[in-house]
Amino acid sequence: MTGRGTQSWPRTVLWTAAPAVLGLLLWAAVAAVVRPRAPLPGPVETAGRLVELLSGQPLLDHTIFTHAVASLARWIVGFLIGATVGMAVATLIGWSRVAERLLMPMVYVAQLIPGLAWIPIAILLFGIGNTATVFMIVLTALSPVAVNMVAGLKSASEDHLRVARMAGARARDTFRHVLLPGSIPHLLSGLRVGLGNSWRVVVAAEMVVGTGTGLGYSIIQSRWTLDYSSAFVCIILICVVGLLIEYLGFAKLEEATIRRWGMVQAS
Amino acid sequence: MTLIEMRDVGVTYNGSEAVQALDGVDLAVREGEFLCVLGPSGCGKTTLLNLVAGFIMPTTGSIRFDGRPIREPGPDRAVVFQDAALFPWLSVAGNVDVAMRMAGRPKHERVQTIHRLIEMVGLEGFENAHPHELSGGMRQRVAIARALALQPRVLLMDEPFGALDAQTRERLQDELLEIWERTKKTVLFVTHNVAEAAYLGDRIVVLSSRPGTVIAQINAGLPRPRERLSDGIRDLELELMRTLPGYKEQPTLTTERT
């Protein structure tokens with residue numbers, strides 16, 4: 019082993035911090051250049067506002083925590099519904115040829131439509147508000163989950179299917195004991211993609227659908243209140259949640275599953 | 033008693049060009065017999081095994097198992113696959129168990145069988161290990177236990193030890209013979225390894241390649257337990273090699289024996 023494995027911890031810290039420092043410097047520079055013409059907040063002002071908001075100062079009638087929790091709740095509810103429906107659709111497609119013919123094209127096409135393109139339909143169906151936002155999240159999470167799980171169900175090896183056949187398994191048991199567990203690594207990557215995509219859609223949908231609370235709603239409202247540093251605080255919180263999804267949520271689980279499922283050689 | 037009977041069996045694969053894998057194969061496997069099918073790679077050995085398993089159907093001719101034509105796979109003909117084909121998401125015990133579950137065996141029977149079989153293949157203590165934690169030899173032991181769990185009339189083994197190192201292969205051969213003697217199962221064992229066929233088989237069927245036809249059926253006629261380096265085994269190996277297509281007499285081999 020060379021490189022990362024043998025790096026001493028000060029170097030590791032340095033290389034982790036360096037891009038963040040560079041980013042902050044660039045931000046400060048841009049803010050300084052733009053400042054004479056537009057009130058773009060720099061890192062220092064944003065940090066100050068972050069502290070104020072975290073200490074409970076209201077932003078658009080609510081604390082920053084209420085906004086964050088509102089966004090997270092919409093996201094999780096929408097994602098859970100979308101993922102559940104996505105898995106049900108994939109199961110149906112994996113189970114029946116007819117369902118595959120009928121539903122698979124719809125799922126593929128749905129995957130090509132950006133979540134936000136549903137805004138007019140969402141508003142038409144549910145009016146302005148929370149339900150419309152959740153509806154868009156459901157649609158965003160559904161497709162990647164369904165598409166990946168179907169791919170997983172189809173990835174069963176010929177020999178594994180033959181094991182079921184030689185045991186005399188009924189179709190139901192083959193599905194339950196061979197196809198379904200075999201699809202889990204694919205399903206997990208579908209869930210991860212769905213989770214990330216739907217988070218982005220939550221924020222964007224809140225901007226358009228006028229939910230009254232939420233990080234996306236707060237960002238767009240800062241146009242009227244000219245409270246740009248609060249907008250930046252919201253953006254930072256959105257990044258933090260995104261990073262948490264990426265590194266804490268699924269990455270570890272996916273890695274462990276892929277190793278156990280033998281999709282990579284365990285060394 | 034004849035357990036498996038093939039009459040004039042031919043298999044043609046229809047791809048971009050038709051490939052005749054087997055042609056005019058006549059073969060009878062007796063109950064309780066250890067039969068080796070020997071041939072070079074690509075001679076249709078695996079095709080022959082897949083026919084008996086019921087995974088594929090013959091293009092011509094007929095195969096009977098216990099007097100009835102083979103129409104589909106079933107637990108009376110359990111296969112040990114070349115690369116074990118274990119379910120990576122299940123433990124050792126889980127892999128043995130799931131085969132029985134899919135075969136519709138009741139729980140109490142499964143619980144008893146799992147431990148007995150895991151012990152028989154020498155994997156006590158590894159019940160909860162997953163396939164990626166096992167060596168190639170251990171994986172094949174699990175595959176053998178899983179096949180036996182189905183209580184088959186015949187074990188169909190498709191070069192099960194082909195990918196193992198020489199020492200592991202010999203140990204597994206010995207253990208397989210022990211299991212065979214204990215369980216009295218019929219074994220149909222496919223291999224391209226002359227020494228393996230000579231050491232294991234009661235009878236060895238030699239196939240030619242493309243299309244695969246039976247070119248020799250040789251009775252080992254050697255007492256068990258056999259000695260790997262005995263004269264009897266060496267004579268048999270030489271006899272087998274002479275029947276294989278493309279064999280050239282090698283003087284060193286003959287002088288070695290005198």
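As they're listed, the protein sequences go chains A and B.
In short: position in the first sequence from 1, add 18, done, that's the numbering used here.
In short: position in the second sequence from 1, add 32, done, that's the numbering used here.
Where is the CB? At the ideal position from N, CA and C, for every residue including glycine.
- Interface residue (Cβ-Cβ distance to chain B less than 8 Å): residue 108(A) is not classified as such.
- Taking a beta-carbon distance threshold of 8 Å, residue 45(A) does not count as an interface residue toward chain B.
- Of the candidates 211(B), 184(B), 180(B) and 80(B), the residue whose Cα lies closest to the Cα of residue 240(B) is 80(B).
- Proximity of the region 217–236 of chain A to the region 130–147 of chain A meets the contact definition, three or more beta-carbon pairs being nearer than 8 Å.
- The criterion of a C-beta distance shorter than 8 Å is satisfied by residue 101(B) and residue 94(B).
- For the region 93–112 of chain B, the set of residues with a beta-carbon nearer than 8 Å to any beta-carbon of chain A comprises 104, 105, 106, 107, 109, 110 and 111, in chain order.
- In this structure the region 134–148 of chain B does not touch the region 189–204 of chain B; the number of beta carbon pairs closer than 8 Å is below three.
- Residue burial annotation: residue 77(B) is buried, with at least 16 other C-beta atoms found within 10 angstroms of its C-beta.
- Within the region 127–158 of chain B, the residues whose Cβ lies closer than 8 Å to some Cβ of chain A are 130, 131, 132, 133, 134, 135 and 136, listed in chain order.
- Legend: CB atoms of the region 218–244 of chain B lying less than 9 Å from CB atoms of chain A are not found in any residue.
- In the structure shown, residue 221(B) adopts extended strand secondary structure according to DSSP, grouped into three states.
- Between residue 265(B) and residue 258(B) a beta carbon distance of about 6 Å is seen, short of the 8 Å cut, so the two are scored as contacting.
- Using a CB distance cut-off of 8 Å, residue 113(A) does not count as an interface residue toward chain B.
- Here the C-alpha atom of residue 274(B) lies approximately 19 Å from the C-alpha atom of residue 74(B).
- Among the CB atoms of chain B, none fall inside 8 Å of the CB of residue 274(A).
- Chain B places no beta carbon closer than 8 Å to that of residue 242(A), leaving this residue out of the contacts.
- Here the alpha carbon of residue 231(A) sits roughly 17 Å from the alpha carbon of residue 153(A).
- Sequence-distant Cβ neighbours of residue 169(A) in its own chain, meaning closer than 6 Å and more than five residues away, are 204.
- Less than 8 Å divides the Cβ of residue 68(B) from the Cβ of residue 236(B).
- Across the set 158(A), 191(A) and 66(A), the C-alpha of 191(A) shows the shortest separation from the C-alpha of residue 130(B).
- Using a CB distance cut-off of 8 Å, residue 279(A) counts as an interface residue toward chain B.
- In the displayed model, residue 236(A) falls within a helix according to three-state DSSP.
- The criterion of a C-beta distance shorter than 8 Å is not satisfied by residue 204(B) and residue 181(B).
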